[in-house]
Structures are given as C-alpha cells and as structure tokens.
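To start, the structure under review is shown below, and the notes come after it.
There are 2 protein chains.
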Amino acid sequence: MGRSIRVKAPATVSNLNCGFDVLGLAINEPFDTVELELTETGRIEIDDIRGCNTLSRDPAENVVGPVLRAMVTAMGVTAGFRVIIEKGIHPGSGVGSSAASSAAAAYAANLLFDNAFSLSELVGFAMEGERLASGSAHADNVAPSLFGGITLVRSYDPLDIVRLNVPPELFVVVILPDTEVKTSVARGLLDRQLPLETAVRQWGNVGGLVAGLYSEDYELIRRSLEDFVAEPRRAGLVPGFSGMKISALASGALGAGISGSGPSVFALSRGEASARAVMESMSRVMHSERIGFKAYLSPVSSRGAGIC
Amino acid sequence: MGRSIRVKAPATVSNLNCGFDVLGLAINEPFDTVELELTETGRIEIDDIRGCNTLSRDPAENVVGPVLRAMVTAMGVTAGFRVIIEKGIHPGSGVGSSAASSAAAAYAANLLFDNAFSLSELVGFAMEGERLASGSAHADNVAPSLFGGITLVRSYDPLDIVRLNVPPELFVVVILPDTEVKTSVARGLLDRQLPLETAVRQWGNVGGLVAGLYSEDYELIRRSLEDFVAEPRRAGLVPGFSGMKISALASGALGAGISGSGPSVFALSRGEASARAVMESMSRVMHSERIGFKAYLSPVSSRGAGIC
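The listed protein sequences derive, respectively, from chains A and B. One gets this note's numbering by counting positions in the first sequence from 1 and adding 55 to each. One gets this note's numbering by counting positions in the second sequence from 1 and adding 55 to each.
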C-alpha cells in the first residue's frame with residue numbers, strides 16, 4: 056500500500072459583486088475532503104464519493120481526474136492514485152464545490168509529491184477541474200480555496216494570484232438554496248461584449264474594493280460592492296435573490312450578491328453580530344418564500360487547503 | 056477691488072495603463088496658475104492668459120468659465136471673477152492641461168468662498184472644464200490635480216474619489232512631444248464595446264495595481280501596468296511611442312504608457328536613479344526620431360492644488 060494523505064479545502068465565494076472572474080474569498084465551512092493514496096498503477100481510481108450521489112466516479116468525468124492527471128504529467132512519473140472524496144459542499148451550489156474538490160486533490164497530491172509545486176502552480180492544476188466542471192478554466196474559486204483569505208486573479212495568462220489584505224472585522228454570510236445552477240448555463244447568460252462605460256464602472260469598483268480591503272475602510276468596501284455585469288443577467292436564476300439582497304442591506308450588510316454563478320447568495324458584514332442579524336433576515340426571506348436552504352456564517356477564512 | 060488669490064495646480068498622468076477613466080496621479084511640474092479676483096459684476100472676465108496664445112479669453116470657450124459659473128450658481132450668489140491664467144502646461148499635451156486650469160480655478164474660487172465646498176465637490180465643479188475641453192466630464196485628471204497623490208475615481212455617479220497609498224520610491228517620467236492630440240479625437244478612436252474577456256483582464260490589472268500600491272510591492276505594480284483598452288487604439292497617434300516604451304522598459308521602468316489621451320508618454324520607476332536612466336533612454340529615442348519634446352522627472356506629488 057502506498058503513502059496516503061487526507062486534505063480538506065474550503066468553500067469559496069467568487070466574484071464579490073464587482074470582481075467577475077478575478078476576486079474570491081474562502082469561508083470556514085462547508086468544505087470538501089479528499090483522501091489520496093499514491094499507487095504505481097498509473098491509473099486514477101475513485102473508490103468512493105461520500106455525501107453526494109450525483110457525481111461520477113469515472114475519473115474522466117470527475118474534477119479530480121484532470122487535476123491529478125495534469126500533475127502526474129507535469130511530474131513526468133507513472134504514478135496513480137486511489138481517491139476517496141467526501142463532499143461537504145453540494146455540487147452546483149455556487150460556493151466552489153468543484154473548486155474545493157479540485158483544490159483538495161491538488162494540495163494532497165502535491166504533499167505526496169514532496170511539495171514539488173508552489174501554491175500558485177497548484178491553482179493552475181486545480182483549474183483543470185474547473186474546466187471539466189464548467190467548460191471554463193476560471194481560477195476565482197480555486198485560488199482562495201488553496202490560499203485562503205481573499206485572492207485576486209490579476210492575470211490568467213500568465214497565471215498571477217495576489218493575496219489581498221483581509222480586514223479583521225469582515226464576516227461572510229452564505230445562503231445555499233436547495234436548488235442547482237449549472238455554471239455553464241449561468242455563463243451562457245452573460246453578454247460577450249460590454250459597453251465601455253459599464254466596464255469603467257466595474258473596474259472603478261474593483262479598484263475601490265481592493266483599496267477598501269487594504270485601508271480597512273468598511274464604508275469604501277460597502278460602496279464598491281456593486282455588480283453591473285453578472286448580477287443583472289443572473290439574478291433571475293436565483294430563487295429569493297432580490298428579497299434576500301434587500302433584506303441583507305436593510306439589516307446592515309456592507310453588500311450582498313450572487314456567489315459565483317449562484318444559486319448561493321452571499322453578504323459581507325462588519326462584525327459578527329451584524330453578520331448574524333443579516334443571516335437571520337436573509338433566512339426569514341427564504342422561509343417566507345418557502346425555499347429550502349442552508350445558511351453559513353464565517354469570518355473570511357485565513358486557511359486554505361490543508362491536512363485534516 | 057475685491058479679494059484676490061493665486062493658486063497653482065499640477066499636471067497629472069491619467070489612466071496609468073490599466074485604469075482608463077479612473078486612475079491618475081499628480082507630478083510636481085509642470086503646473087498651471089490661476090489668479091482670481093472676486094467681483095460683484097456677476098461676470099467672468101479673463102484678463103490675461105500667459106504662456107499660451109492659442110486659448111480663448113472668452114469664458115464660454117475657456118475651461119475656467121464653466122467651472123466658475125457652476126460654483127457661482129451652487130453658491131447662489133451674483134459674484135463675478137477677474138481671472139489671470141498662467142499656463143505652465145501646454146494644451147493638448149496629455150498631462151491634464153485643461154484639468155490643471157480647471158482645478159486651480161475651482162480651488163481658488165473655493166478659498167474666496169471661504170471653503171464652502173469639499174475637495175470632492177471641487178472635483179465635480181472642475182469636471183465642467185473637462186466637459187468643455189473634451190466633450191466628456193471625466194475626473195481622472197482633475198481629481199489628482201486637486202488632491203495630489205494617486206487617485207481612483209471609484210464612481211462617477213455619485214462622484215466618489217479615493218486617495219490611494221503612494222509607495223515612497225515611485226517616480227514618474229513624462230515626455231511631452233511638441234505635438235498635440237485632441238482628447239475628443241483620442242476618445243473617438245476607442246471601441247464603444249469591449250469583449251468581456253478584455254474587460255476582465257483590465258479589471259484584474261486595476262485590482263493588481265491598487266494592491267501593489269498599498270502593499271508597496273513594486274513587482275506587482277510592474278506586472279499590473281498593462282493596457283488592453285486604450286493603448287492598442289491610440290498608440291499610433293503618439294509620435295515615438297513604441298520606441299519610447301520599449302526603451303523605458305529595457306532601462307528598468309516598471310511600466311510605460313500613454314499619459315491620458317496622449318501625446319505625452321509616461322513611465323513609472325522604482326527610485327530616482329532608475330527614473331533618470333529611463334528618462335535618458337526615452338529622450339534618446341525622441342532625439343533619434345527628431346521629434347521635439349520636453350522631459351520631466353518627478354516623484355508622485357503629494358500636493359495637489361494649493362496657494363502659490
């Protein structure tokens with residue numbers, strides 16, 4: 056029997072309103088766990104997927120397959136893996152379910168390869184899982200799932216991940232409705248072209264949000280949490296969205312929006328007490344609209360993927 | 056005779072590659088000076104424009120006219136002004152010539168109005184000069200000319216100006232060719248629609264540049280100084296541009312690009328010695344291409360508009 060290791064990687068909220076495809080943050084829970092055993096078969100074998108019965112164990116159809124395959128190829132070895140995945144994050148929920156499994160697999164394999172790769176390189180491998188899951192190798196979930204904290208994908212080519220400062224009082228509420236939105240469908244709703252004026256508004260807010268994170272200016276963060284690109288197109292996909300957003304802001308949230316491509320909805324708050332009030336007001340909306348959901352409250356997680 | 060005051064406002068470099076219409080910084084020189092005398096005539100009279108013989112003294116055709124008119128209207132008074140403008144900045148050079156006169160006029164009038172307005176409100180008034188000069192009320196030059204330092208226009212509506220951190224070793228070289236580019240012409244070259252992918256690359260860099268300014272990470276600043284929006288369309292308008300950019304980067308500049316809508320070209324460097332080498336290499340290109348020019352080297356100016 057080969058060496059084995061068990062790694063968890065957290066759920067993540069990507070886009071953060073203004074930062075479509077570039078910004079994301081990690082939360083403490085939920086998370087996925089991946090257990091890897093290094094073998095000499097050259098094959099990737101998924102022995103079990105716990106906590107979810109809709110994902111394929113065929114490594115060509117599960118995100119861990121292309122991630123591990125890319126790493127084995129980059130190492131130039133004939134290694135294989137036996138894999139057990141424990142899904143804490145419901146697939147298609149918009150909090151980086153595929154990203155967390157991809158990140159955990161990449162992190163675990165790297166430990167078995169004696170840390171041959173940097174965290175930034177692991178982002179590149181984990182993106183292969185995103186490519187399989189959504190048809191688009193985006194990094195705004197895998198980067199925070201691996202690094203923790205709040206990350207910026209400054210560039211995709213070459214890949215350049217920046218860890219941003221995390222203001223200490225920033226708390227995150229995430230409401231996961233009991234429905235699924237395919238990232239590929241959500242991406243298809245977006246306009247392929249943006250008016251220059253809209254793009255300028257969006258990058259003004261990206262600059263404002265990053266400045267607010269570094270200067271720990273919560274009011275600047277609040278003003279910057281606007282989305283002129285994805286939310287206008289996707290809001291209709293997300294059950295309870297407008298009611299939750301209105302109630303979150305009325306309860307003092309700094310901002311609220313669609314997490315990734317939805318249907319999860321997130322809110323940022325200053326302080327845990329404020330976040331709790333926001334979570335309760337969002338939950339009331341979901342109860343009154345009779346939509347099943349799970350709710351999470353977390354500081355921005357300083358930890359990314361790591362050994363269990 | 057009424058109260059009078061003399062104010063100077065600095066030249067500015069806007070856009071900074073990635074931050075089209077939102078980012079700008081102030082340099083120590085050149086600058087414009089505006090002398091205002093408060094009158095009770097209700098008229099704006101431009102008595103003299105020194106250092107330039109191409110600008111109109113008609114207040115309907117000179118940027119100070121709409122700036123002062125807007126402020127008088129906002130005050131609800133019947134005041135007038137006698138104005139003397141001293142142009143240190145050549146019009147149409149791309150370093151905020153109209154913005155500096157507009158900023159100086161707004162700042163001076165505000166002093167005569169006993170600081171009735173905040174600096175942010177003065178940006179709004181000074182934008183009226185930009186509207187006259189270029190047909191577009193942009194704020195990315197007037198904001199740094201008023202505030203000094205490096206500014207972000209997070210939002211135009213409502214107007215929201217953010218002063219960003221200035222890394223202490225950041226130096227600016229500006230080469231002003233002896234030619235003119237009309238901002239209105241340069242704006243007309245831009246695509247009105249951007250591919251989403253291009254917009255994502257641009258706002259990734261805006262986030263990276265702002266993060267680099269706060270974390271004083273000069274290598275991150277270097278990587279973020281890319282422009283996928285304006286430079287590809289405008290470079291051909293700017294004499295000597297590609298040669299200067301290549302030589303600036305080869306001489307160690309962090310980045311180089313078109314200042315505003317050109318024809319000035321700027322480079323950012325880490326440290327004064329590096330900036331000097333960059334200035335010399337850019338100057339050699341202009342000499343070899345037989346294009347007349349002026350060259351300036353400055354730290355980012357911490358001072359914006361102020362009393363002379």
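Glycine included, each C-beta is placed from N, C-alpha and C at the ideal position.
Of the candidates A:204, A:171, A:146, A:146 places its Cα closest to the Cα of residue 185 of chain A. Fully contained in the stretch 119 to 147 of chain A are the following alpha helix (DSSP H) runs of length 4 or more, in chain order: 119 to 130. Against chain A, the CB of residue 250 of chain B has a partner CB under 9 Å away; the residue lies at that interface. Comparing alpha-carbon positions, the option among B:306, B:351, B:341 lying closest to residue 321 of chain B turns out to be B:351. Going by DSSP, residue 159 of chain A is part of the alpha helix (DSSP H) stretching over 152 to 167. Remark: C-beta atoms of residue 279 of chain A and residue 310 of chain A approach each other more closely than 9 Å. Membership of residue 321 of chain A in the beta strand (DSSP E) is indicated by the continuous run 320 to 325. Burial of residue 230 of chain A is indicated by the presence of at least 16 other C-beta atoms within 10 angstroms of its C-beta.
Along the stretch 202 to 226 of chain B, going in chain order, the ones with a CB nearer than 8 Å to a CB of chain A are 207, 208, 209, 210, 211, 215, 217, 219, 220.
The Cβ atoms of residue 251 of chain B and residue 284 of chain A lie closer than 9 Å to each other. Apart from the 5 residues on each side of it in sequence, residue 187 of chain B sits with its Cβ closer than 6 Å to the Cβ of 118, 121 in its chain, given in chain order. Buried is the label assigned to residue 329 of chain A, since at least 16 other Cβ atoms lie within 10 Å of its Cβ. Looking at the DSSP output, residue 351 of chain B bridges to B:229.
Linking residue 202 of chain B to residue 151 of chain B through their CA atoms gives a straight-line distance of about 14 Å.
Between the stretch 62 to 75 of chain B and the stretch 191 to 208 of chain B, the count of C-beta pairs closer than 8 Å reaches three or more; the two stretches touch.
Neighbourhood of residue 261 of chain B in chain A, by CB distance below 7 Å: 258, 261, 262, in chain order. Secondary structure of residue 224 of chain B (DSSP, three-state): coil. For residue 74 of chain B, at least one C-beta of chain A is nearer than 9 Å to its own C-beta.
Within the stretch 229 to 245 of chain B, contact with chain A at the beta-carbon level (separation under 9 Å) is assigned to 245. For residue 331 of chain A, the three-state secondary structure derived from DSSP is helix. Taken atom to atom, the span from the alpha-carbon of residue 91 of chain A to that of residue 192 of chain A is near 23 Å.
In this structure, residue 362 of chain A sits near residue 166 of chain A, with a CB-CB distance shorter than 9 Å. In the structure shown, the three-state DSSP call for residue 89 of chain A is strand.
Look at residue 345 of chain B here: in three-state DSSP terms it is coil, with no helix or strand label. A Cβ-Cβ distance of about 19 Å is found for the pair residue 89 of chain A and residue 79 of chain A, leaving them out of contact under the 8 Å criterion. Check the Cα spacing between residue 144 of chain B and each of B:138, B:255, B:153, B:137: the tightest is with B:153. By the rule that beta-carbons nearer than 9 Å mark a contact, residue 174 of chain A does not touch chain B.
Residue environment for residue 70 of chain A: buried (at least 16 other C-beta atoms within 10 angstroms of its C-beta). Contacts between residue 278 of chain A and chain B, judged by CB atoms closer than 8 Å, involve 209, 210, 215 in chain order. Scanning chain B for C-beta atoms nearer than 9 Å to the C-beta of residue 247 of chain A yields 250, 251, 252, reported in chain order.
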